[in-house]
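Visitor: In the numbering used here, the protein residues as written are 17 to 157. Even for Gly, the Cβ is constructed at its ideal location relative to N, Cα and C.
(1) Confirm, please, whether the CB-CB distance from residue 124 to residue 59 is below 8 Å.
(2) Whole angstroms are fine: how far does the CA of residue 120 sit from the CA of residue 17?
(3) Within the continuous beta strand (DSSP E) that includes residue 81, where are the two ends?
(4) Under a three-way DSSP split, which group does residue 70 fall into?
(5) Mind checking who residue 152 pairs with in its DSSP beta bridge?
(6) For residue 99, which of 40, 27, 28 and 30 has the nearest alpha-carbon?
(7) Alpha carbon to alpha carbon, how far is residue 101 from residue 66? Give it in angstroms, no decimals.
(8) Checking contacts by CB at 8 Å: is residue 131 closer than that to chain D?
(9) Following the continuous beta strand (DSSP E) through residue 57, name the residue where it begins and the one where it ends.
(10) In angstroms, rounded to a whole number, what distance separates the CA positions of residue 103 and residue 157?
(11) Alpha carbon to alpha carbon, what distance is there between residue 105 and residue 126?
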């Protein structure tokens, strides 16, 4: 399993593009792996999304995330947030319809292997948080 996602499509920095994770609802069991699809969008025209501010946590604590059909290992703190968010909004026990939820989290939505992209996205973080419908702060367990 990879610790970084290899399938990033380039972002147009002049258009202030970002990537948003579309978190898919559970298919069968609420314990199954969290699955998402990455979507590029212009920040000014973005569909509603939630942003995450969180503590990355130790590199050694990793859990799987399915991104565009590929398994990627992510830090446990991010996995716990995504698992909790999906259980709240995308599960049968949430009481609502099974639906997707759109989330921006830097570890997945920013290509961490591309210094130029990472630096540009970091410079946009204030705008990203401002454009989000809500911003979650996650301190972990």
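Guide: Straight from the coordinates:
(1) Walking along the chain shown from the start, residue 59 turns up at place 43. Walking along the chain shown from the start, residue 124 turns up at place 108. No, these two residues do not count as a Cβ contact at 8 Å.
(2) Walking along the chain shown from the start, residue 17 turns up at place 1. Walking along the chain shown from the start, residue 120 turns up at place 104. At residue 17, the pLDDT of 46 sits below 50, so the modelled position is not reliable; the number obtained from the coordinates is stated separately. Spanning the two alpha carbons is a distance of roughly 22 Å.
(3) Taking the first residue of the chain shown as 1, we reach residue 81 at position 65. Looking at the DSSP string, the run of the beta strand (DSSP E) that includes residue 81 is 78–83.
(4) Here the question's residue 70 lines up with position 54 in the chain shown. Strand.
(5) Position 136 of the chain shown, counted from the start, is the residue given in the question as residue 152. According to DSSP, residue 152 bridges with 68.
(6) The residue labelled residue 99 in the question sits at position 83 within the chain shown. If we check each option's Cα against that of residue 99, 40 comes out closest.
(7) Taking the chain shown and counting its residues from 1, the one referred to as residue 66 is at position 50. Taking the chain shown and counting its residues from 1, the one referred to as residue 101 is at position 85. Roughly 10 Å separates the two Cα atoms.
(8) Reference to chain D is not applicable here, since this structure consists of a single protein chain.
(9) Here the question's residue 57 lines up with position 41 in the chain shown. Where residue 57 is concerned, the enclosing beta strand (DSSP E) stretches over 51–58.
(10) Here residue 103 refers to the residue found at position 87 of the chain shown. Here residue 157 refers to the residue found at position 141 of the chain shown. The alpha-carbon atoms of residue 103 and residue 157 are separated by roughly 16 Å.
(11) The residue given as residue 126 occupies position 110 in the chain shown. The residue given as residue 105 occupies position 89 in the chain shown. Going by the C-alpha atoms only, they are around 24 Å apart.
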